[in-house]
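Novice: Mind having a look at this structure? Questions to follow.
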Amino acid sequence: MIRKCLFPVAGYGTRFLPATKSMPKEMLPIVNKPLVQYGVEEAVKAGLDNVTFVTGRGKRAIADHFDISYELEHQIAGSNKEKYLDGIRYLIDNVNFSFTRQNNMLGLGHAILTGEPLIGDEAFGVVLADDLCFGEEDGVMAQMVKLYNQFRCTIVAIEEVPEDEVHKYGVIQGESMMEGLYRVTDMVEKPSKEEAPSNLAIIGRYILTPDIFDKIRNTPAGRNGEVQITDAILQQAKEGCVLAFKFKGKRFDCGSVDGFVEATNYCYKNIYQDPTEA
Numbered sequence: 001m002i003r004k005c006l007f008p009v010a011g012y013g014t015r016f017l018p019a020t021k022s023m024p025k026e027m028l029p030i031v032n033k034p035l036v037q038y039g040v041e042e043a044v045k046a047g048l049d050n051v052t053f054v055t056g057r058g059k060r061a062i063a064d065h066f067d068i069s070y071e072l073e074h075q076i077a078g079s080n081k082e083k084y085l086d087g088i089r090y091l092i093d094n095v096n097f098s099f100t101r102q103n104n105m106l107g108l109g110h111a112i113l114t115g116e117p118l119i120g121d122e123a124f125g126v127v128l129a130d131d132l133c134f135g136e137e138d139g140v141m142a143q144m145v146k147l148y149n150q151f152r153c154t155i156v157a158i159e160e161v162p163e164d165e166v167h168k169y170g171v172i173q174g175e176s177m178m179e180g181l182y183r184v185t186d187m188v189e190k191p192s193k194e195e196a197p198s199n200l201a202i203i204g205r206y207i208l209t210p211d212i213f214d215k216i217r218n219t220p221a222g223r224n225g226e227v228q229i230t231d232a233i234l235q236q237a238k239e240g241c242v243l244a245f246k247f248k249g250k251r252f253d254c255g256s257v258d259g260f261v262e263a264t265n266y267c268y269k270n271i272y273q274d275p276t277e278a
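Residue numbers (UniProt numbering): 1 to 278.
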């Protein structure tokens, strides 16, 4: 069984300055809940109740959020406002959280490698909190865990994107195995429209087998000195099997202002419930 999920949360969130000057972008609220909490809830619903954060400087608010706040809880004890904390208290009581720091921002591959001591020699999930996902029935990570239990290999989540947006993503080329599932034959990081092998873009959900750590170690840094996780996963695909899964659900790019506003409106209309009125 997959038990662990890694959250790379060391980035600066420059597209949301000045709001992110002193607050982690992952703590920006989608209605009344920080973005990162949605990702943790998705992981936990998939059975991944050991959550590791790869953080950086100025990110202490994330650790504080997933911890008890004695003063606050004392102040609202006995009032109907206690219900606002039901969701986060469930996570605090039922999830094992661990934290490590990425001292230098050297790409997603480097961030994942930084988490190796807390992951160990087992398959694990990766959630990029910027991508807010809602599954049609099961959550996206739960859908991927079911696939992993069947195929036992690295899996990346994909979705079709407009051709004029492929330059924002890692893009796969693959052989169709069944509807919505591909065996990856090639991956290109942020290709031009002309160079893209398809419009099937990798989004922020992965299940990685533990050999990924050695692949990352042997992956040379690319542009800006960053180690791209797509290069390491492509090496896995060449030596074995990597699957790309077109998940069933909705995804919002909350790393962009437009996507963040769209996600907020969607959650307010379709998901948010005031717990004091339930």
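Heads up, the beta-carbon is just placed ideally off N, CA and C, and yes, glycines get one too.
Classify residue 204 as buried or exposed, calling it buried when 16 or more other Cβ atoms lie within 10 Å of its own Cβ.
Specialist: Here residue 204 corresponds to residue number 204 of the sequence shown, with the count starting at 1. So residue 204 counts as buried.
Novice: Where do the ends of the beta strand (DSSP E) carrying residue 257 lie?
Specialist: As a position in the sequence shown, residue 257 is number 257, starting the count at 1. Here residue 257 belongs to no beta strand (DSSP E); instead the alpha helix (DSSP H) covers 257-270.
Novice: Can you give me the C-alpha to C-alpha distance between residue 285 and residue 93, rounded to a whole angstrom?
Specialist: Residue 285 falls outside the range modelled here, since the chain spans only 1 to 278, and no answer is possible.
Novice: Would you please state the rounded distance, in angstroms, between the beta carbons of residue 42 and residue 141? I believe it to be under 8 Å.
Specialist: Residue numbering aside, residue 42 sits at position 42 when the sequence shown is read from its first letter. Residue numbering aside, residue 141 sits at position 141 when the sequence shown is read from its first letter. Right, their Cβ atoms sit about 5 Å apart.
Novice: Report yes or no: do three or more beta-carbon pairs, one from the region 149-160 and one from the region 245-261, lie closer than 8 Å?
Specialist: These segments touch.
Novice: DSSP on residue 150, reduced to helix/strand/coil?
Specialist: Taking the first residue of the sequence shown as position 1, residue 150 is located at position 150. Reduced to three states, the DSSP call for residue 150 is helix.
Novice: Using CA atoms only, rank isn't needed, just tell me which of 14, 38 and 178 is closest to residue 135.
Specialist: As a position in the sequence shown, residue 135 is number 135, starting the count at 1. When only C-alpha atoms are compared, the closest one is 38.
Novice: Suppose you measure from the CA of residue 122 to the CA of residue 78; what does that come to, to the nearest Å?
Specialist: Taking the first residue of the sequence shown as 1, we reach residue 122 at position 122. Taking the first residue of the sequence shown as 1, we reach residue 78 at position 78. Roughly 43 Å between the two C-alpha positions.
Novice: Identify every residue that forms a DSSP beta bridge with residue 29.
Specialist: Residue numbering aside, residue 29 sits at position 29 when the sequence shown is read from its first letter. Per DSSP, 34.
Novice: Are the CB atoms of residue 173 and residue 198 within a distance shorter than 8 Å?
Specialist: One-based indexing of the sequence shown puts residue 198 at position 198. One-based indexing of the sequence shown puts residue 173 at position 173. Cβ distance < 8 Å, so residue 198 and residue 173 count as in contact.
Novice: With a 10 Å radius around its C-beta and 16 neighbouring C-beta atoms as the bar for buried, classify residue 215 as buried or exposed.
Specialist: Position 215 of the sequence shown, counting from 1, holds the residue named residue 215. Buried is the call here.
Novice: Would you decide whether residue 4 is buried or exposed? Buried here means 16 or more other CB atoms lie within 10 Å of its CB.
Specialist: The count along the sequence shown starts at 1 and reaches residue 4 at position 4. It counts as buried.
Novice: Counting only runs that start and end within the region 64-136, where is the beta strand (DSSP E) found for 3 or more residues in a row?
Specialist: For the region 64-136, whole beta strand (DSSP E) runs of length 3 or above, ordered along the chain, are 96-101, 124-127 and 131-135.
Novice: For the candidate residues 119, 12 and 20, whose alpha-carbon lies nearest to that of residue 53?
Specialist: On the sequence shown, residue 53 is found 53 positions in, with the first residue counted as 1. The option with the nearest alpha carbon to residue 53 is 119.
Novice: Flag this pair as touching only if the region 165-181 and the region 259-272 have three or more C-beta atom pairs under 8 Å; answer yes or no.
Specialist: Flag = no, the region 165-181 and the region 259-272 do not touch.
Novice: What do you reckon, is the C-beta of residue 223 under 7 Å from a heavy atom of the ligand HEM?
Specialist: The ligand content of the structure shown is nil, which means the ligand HEM is not present either.
Novice: If I follow the unbroken beta strand (DSSP E) through residue 183, where does it start and stop?
Specialist: Here residue 183 refers to the residue found at position 183 of the sequence shown. It spans 181-189 - the beta strand (DSSP E) in which residue 183 sits, taken as one unbroken run.
Novice: Measuring alpha carbon to alpha carbon, tell me which residue in 250, 46, 207 and 264 is nearest residue 236.
Specialist: On the sequence shown, position 236 is the one that residue 236 refers to. It is 207 whose Cα lies nearest to the Cα of residue 236.
Novice: Do you know whose CA, among 58, 209, 115 and 185, lies nearest residue 154's CA?
Specialist: Numbered from its first residue, the sequence shown carries residue 154 at position 154. Nearest option by C-alpha distance: 209.
Novice: Do the CB positions of residue 124 and residue 35 come within less than 8 Å of each other?
Specialist: By 1-based counting over the sequence shown, the position of residue 124 is 124. By 1-based counting over the sequence shown, the position of residue 35 is 35. Cβ atoms of residue 124 and residue 35: not closer than 8 Å.
Novice: So, helix, strand or coil for residue 175, using DSSP?
Specialist: By 1-based counting over the sequence shown, the position of residue 175 is 175. In this structure, residue 175 counts as strand in the three-state DSSP scheme.
Novice: Tell me the rounded alpha-carbon separation between residue 168 and residue 253.
Specialist: Taking the sequence shown and counting its residues from 1, the one referred to as residue 168 is at position 168. Taking the sequence shown and counting its residues from 1, the one referred to as residue 253 is at position 253. So the alpha carbons of these two residues sit roughly 11 Å apart.
Novice: Compute the distance between the beta-carbons of residue 108 and residue 8, then report whether it is under 8 Å.
Specialist: For this step, residue 108 is matched to residue 108 along the sequence shown. For this step, residue 8 is matched to residue 8 along the sequence shown. Yes, Cβ-Cβ distance for residue 108 and residue 8 is below 8 Å.
Novice: Going by C-alpha distance, which of 82, 185, 26 and 128 is nearest residue 70?
Specialist: By 1-based counting over the sequence shown, the position of residue 70 is 70. Minimum Cα distance to residue 70 is reached at 82.
Novice: Would you kindly work out how many angstroms separate the C-alpha atoms of residue 183 and residue 271, rounded to a whole number?
Specialist: Indexing the sequence shown from 1 puts residue 183 at position 183. Indexing the sequence shown from 1 puts residue 271 at position 271. Distance between the alpha carbons of residue 183 and residue 271 is about 34 Å.
Novice: Tell me, please, which residues DSSP counts as bridged to residue 279.
Specialist: No statement about residue 279 is possible, as the shown extent of the chain runs from 1 to 278 and does not include it.
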